[in-house]
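So the protein sequences, as listed, match chains U and D.
All the letters of the first sequence, read from the start, carry residue numbers 3 to 204 under the numbering used here.
All the letters of the second sequence, read from the start, carry residue numbers 38 to 591 under the numbering used here.
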Amino acid sequence: MDAQKPGRMSALGKAEPAEAISRARAGDAEAWGQLYQEYAPAIFRFCRRALPTREDAEDATIEIFLKIRDKLRQYDSSRSFTAWLYKVAANHCWDMLRRRRVRQDKETDDVDSLPLEHPDPDQLERLIEARSSQEVRRGLDKMGSRARMALVLRYYSEMSYDEIADALGVRRAFVGVVLLRARHELRQTLGQSSAMAAGGTP
Amino acid sequence: MSEREAAIGDARDDHLDEMTGLLYLEGQLEPARARGVSQHTEGCRACRTLLRALEHESRLLTRAMVEEDESLPARLLAVPGREVRSMQWIWVAAFGLAATGVYALYTNYIQPWQQQLDQAGFGGTSLLSLLVFQGAFWKGWQSMISLFEMLALLTLAGGGVMYLRRRLRRTSAVAVIFAGLLAAIAFPAPAGAGEIRHDQSFVLGKNEVIHNDLYVTCGRGRVEGTVDGDLIVFGEGLDMSGHVTGDLIVFVRTLRITGRVDGSIRAFSNTMTLSGRIGRNLTSFSEVMNLDSNSEIGGGATFFTAAAALDGKIGRDILGFFHDGSLTGSVGGNARLKGTQLNIGSSAEMRGKTHFTGRHPASVSPQAKLSSPLEYEVLREKPEYRTGKYFIWKVIWTAATVLFGLVLFQLMPQFARDTVSSAERFGASLGLGVLVLVGVFFGAIIACITVVGIPLGIATIVVWLAALYSAQIAVGGVLGRWILGTTRETWGLIGRMALGLLLVRVAYLIPHVGGWIKLGVILWGMGAISLAVYRRFQTLVPAAPAVPVAAPTT
């Protein structure tokens, strides 16, 4: 499988705006504005996926950028700015959820009990192919915070397993388990939605 | 690969389990294991289908999350400049406050003062009394109380919105807070909280009885009846000839007490005359304090006045600071007095020791009855200034402050870092410091006498005092950082703070300028602390990652 690299935040094919980052670090307000314009939509979308409500996402986006602005001098320019930005965003969102005590710690408690299964591949493929993006987004909204956050970190932010482990505070060896459990939860949620839709059809 | 991953992979030899499939697709298996999976899937249709389904699911997830189904909200279109805006309101408020103060100072103090000087020469009242008791701060008490009360409530409401909006929808939070605010304003205070009267000319008639604490804001006030509780008065003048069963707390220009107070009196006034009886103690901050021969105080008396005439009976000890003092009454306990000059008249009767510290020896009438010879100590301006002892104490206090700072930095390292960073915004910190130093203190004092409540007011004052003392630590921290450079190590921060603090304390010793430096440090440091607190409320997040992260590897 091809390695996934962060970089989705900037427009496709665009490199990170190194000069703007450098000037923003030096206190250039215009450069900061440029960075914000470039990255705000992606960070808002990240927050929208990770947090339960739109208002939370709006608040979090502003707070993340204020934090980034304060911490910009600590950013190591030899590393990926995008990855750093996501890291701060992930920490912020996860901390917001933690403060609301909506973390579902049971998910780490019972990771060892995850059954080793070989599901019916054809059935699984049919189930997945039948889903639309919109259905998946609705399903994500109904998921537990940790599971949703894990999927967002991996499939939106394209974070490595190490980074996900760090952000969620779990052992690296459990990241795959957390992701798989999240997928199961999503499938279950989507299955329930389908059942409800089918039941409601006259 | 972890043991668990290996176990998962080896669990079924015939087909891949889902976990192994996912780890394979995500590039998380060790090369040898990945090769094994690859070889297996070449000849196994079911496992190829599983991998395809999982990969399809990954793509579906990514697509679903990346798709823009919602446009960027309008409030996010503008580049967040809340810090800048917040600084702007601080500056606007600071300058507004300053402008108002200057205007009030001129119209209410300088102008009438000039007129008085013109008419009566230089024999007028002191600058302090004019400023405090006849000036801007006095005439507007009623409006000021209302203003501070409203500000205190609005501050609480703002805090409430900030707190609740994390837990409720924003509109719900605002609705809850404003409903509460409305209720607080609209509903009458419960009986237990005391009775509040606002009247330009307040009179409590001779036969009237208030069975509660009574709060009065007025122009002229007259109390002839009975207050069965505490009486708290803000106004221009109060004539109390009635009976107060609790304490009497007054902030008035002219205070005259001919009645009876069973509790204590705390008086902040220009002129205070006592002819009545006080069951317990007297504390007075007055320009002129006169205890006439009919007055009687059951307990002790503490006073800070320009002119003090003590002709009545004081049951226990007295502690007094004054310019001119006259003692012709009786004192049941010890007297410790400090002032420019003291006259002890022939009718004076001192049952305990009398100690006087003054510029001139006390004039004592031979007929005065003193239980022991008067102890006199010459008042020296700065008796210990620049002596060895003075410096030793300075070193001790500096060390104590460093120790206090060390504890703070260890207890709250992140907040300490934030505070030091905030202090780098020199102008904003200084502006905010002015507001906090003045506004919070007065707000807390007013809160103590309004519906907001005494506990909140006292707690605020305690925090305010702590911030006052901690201000030098914040400034020390930033000075140290400027000298030695930035660090993220807590002990590095502490070292820088200690160095900066040392410089600050040395600067305090500079003659003539030291006091101003101290004031500047307090304003700067308090502003930085407030700014850090403000940001903490604003962001509600822990520190950003100390080390920038690497790009993800798969």
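All C-beta atoms in this analysis are idealised placements derived from N, C-alpha and C, irrespective of residue type, glycine included.
For the beta strand (DSSP E) holding residue i, just list the boundary residues, first then last.
i	result
D/Lys390	Taken as a continuous stretch (DSSP letters only), D/Lys390 belongs to no beta strand (DSSP E), as it is neither H nor E.
D/Met534	Here D/Met534 belongs to no beta strand (DSSP E); instead the alpha helix (DSSP H) covers 527–545.
D/Gly376	372–381
D/Val260	251–260
D/Gln237	232–241
D/Phe288	285–294
D/Met326	319–328
D/Thr78	No beta strand (DSSP E) contains D/Thr78, which is instead part of the alpha helix (DSSP H) from 68–79.
D/Val415	412–415
D/Ser306	302–311
Tell me the rounded alpha-carbon separation between residue i and residue j.
i	j	result
U/Thr84	D/Gly464	33 Å
D/Asp455	D/Glu412	53 Å
U/Asp164	D/Val558	45 Å
U/Gly35	U/Thr63	14 Å
D/Leu478	D/Leu467	It is worth fixing the name first, because residue 478 of chain D is Phe in this sequence and not Leu. Roughly 16 Å between the two C-alpha positions.
D/Arg353	D/Asp299	16 Å
D/Gly537	D/Tyr571	24 Å
D/Gly362	D/Gly517	49 Å
D/Ala503	D/Thr342	28 Å
D/Thr391	D/Leu347	14 Å
U/Gly9	D/Leu53	Residue placement at U/Gly9 is flagged as unreliable, the pLDDT there being 40, under the threshold of 50; the coordinate-derived value follows with that caveat. Taking the straight line joining both Cα atoms gives about 32 Å.
D/Gly242	D/Gly296	13 Å
D/Ala382	D/Leu328	Note that residue 382 of chain D corresponds to Gly in the displayed sequence, not to Ala. C-alpha separation (whole angstroms): 14 Å.
D/Gly349	D/Ser400	19 Å
D/Thr365	D/Asn380	8 Å
D/Trp519	U/Ala152	41 Å
D/Gln76	D/Arg85	11 Å
D/Leu443	D/Phe452	13 Å
D/Gly258	D/Val287	11 Å
D/Arg462	U/Leu74	16 Å
U/Pro43	D/Val116	12 Å
D/Val253	D/Val260	11 Å
D/Leu469	D/Ile334	44 Å
When we look at the beta-carbon of residue i and count the other beta-carbons within 10 Å, is it buried (16 or more) or exposed?
i	result
D/Glu107	exposed
D/Leu311	buried
U/Val90	buried
D/His280	buried
D/Ile104	Residue 104 of chain D is actually Glu in this sequence, not Ile. That one is exposed.
D/Gly522	exposed
U/Gln125	exposed
D/Arg602	A question about residue 602 of chain D goes unanswered here, because the residues of chain D that appear run from 38 up to 591.
U/Lys69	buried
U/Arg156	buried
D/Gln447	exposed
D/Phe271	buried
U/Asp58	buried
Could you please give the first and the last residue of the uninterrupted alpha helix (DSSP H) stretch that includes residue i?
i	result
D/His397	D/His397 -> no alpha helix (DSSP H), and no H or E assigned at all.
D/Gly272	Taken as a continuous stretch (DSSP letters only), D/Gly272 belongs to no alpha helix (DSSP H), being part of the beta strand (DSSP E) at 268–277.
U/Gln136	135–143
D/Ser459	450–460
U/Glu131	123–131
U/Asn93	83–101
D/Leu619	Nothing about residue 619 of chain D can be reported from this structure: the residues present for chain D run from 38 to 591 only.
Relative to the ligand PLP, is the shortest distance from any of its heavy atoms to the C-beta of residue i smaller than 7 Å?
i	result
D/Lys426	In terms of ligand content, the structure shown is empty, and the ligand PLP therefore cannot be addressed.
Requested in this report: Inspect the CB distances between the stretch 65–74 of chain D and the stretch 89–108 of chain D and report whether three or more fall short of 8 Å.
Outcome: no
Report task. Output, in sequence order along the chain, the residues in the stretch 71–99 of chain D whose CB is closer than 7 Å to any CB in chain U. Result -> Ala83, Thr86, Leu87, Arg89, Ala90, His93, Glu94, Ser95, Leu97, Leu98, Thr99
Requested in this report: Determine, using beta-carbon pairs with one atom in the stretch 24–41 of chain U and one in the stretch 131–140 of chain U, whether at least three such pairs fall under 8 Å.
Outcome: no
Query raised in the report: On the three-pair Cβ rule with 8 Å, is the stretch 234–248 of chain D touching the stretch 260–267 of chain D?
Result: Yes, the stretch 234–248 of chain D touches the stretch 260–267 of chain D.
Query raised in the report: Between the stretch 35–57 of chain U and chain D, which residues of the former have CB atoms less than 8 Å from a CB of the latter, in chain order?
Result: Gly35, Tyr38, Gln39, Ala42, Pro43, Phe46, Arg47, Arg50, Arg51, Thr55, Arg56, Glu57
Query - Proximal residues, the stretch 130–160 of chain U versus chain D, C-beta separation under 9 Å - result: Ile130, Glu131, Arg133, Ser134, Ser135, Gln136, Glu137, Val138, Arg139, Gly141, Leu142, Leu153, Val154, Arg156, Tyr157, Tyr158, Ser159, Glu160
Query raised in the report: At a Cβ cut of 8 Å, what residues of the stretch 443–476 of chain D count as close to chain U, listed as they run along the chain?
Result: Ser458
Query raised in the report: For the stretch 496–519 of chain D, which residues have a CB atom closer than 8 Å to at least one CB atom of chain U, in sequence order?
Result: none
Query - Residues, ordered as in the chain, of the stretch 51–70 of chain D that lie near chain U by beta-carbon distance below 9 Å - result: Residues Asp51, His52, Leu53, Asp54, Glu55, Met56, Thr57, Gly58, Leu59, Leu60, Tyr61, Leu62, Glu63, Gly64, Gln65.
Query raised in the report: Would you say the stretch 387–407 of chain D touches the stretch 366–377 of chain D, given that touching needs at least three Cβ pairs under 8 Å?
Result: yes
Query - Within 7 Å of chain D by C-beta, residues of the stretch 166–177 of chain U in sequence order - result: Ala175
Requested in this report: Evaluate contact between the stretch 562–570 of chain D and the stretch 492–509 of chain D, counting only Cβ atoms and requiring at least three cross-stretch pairs below 8 Å.
Outcome: yes
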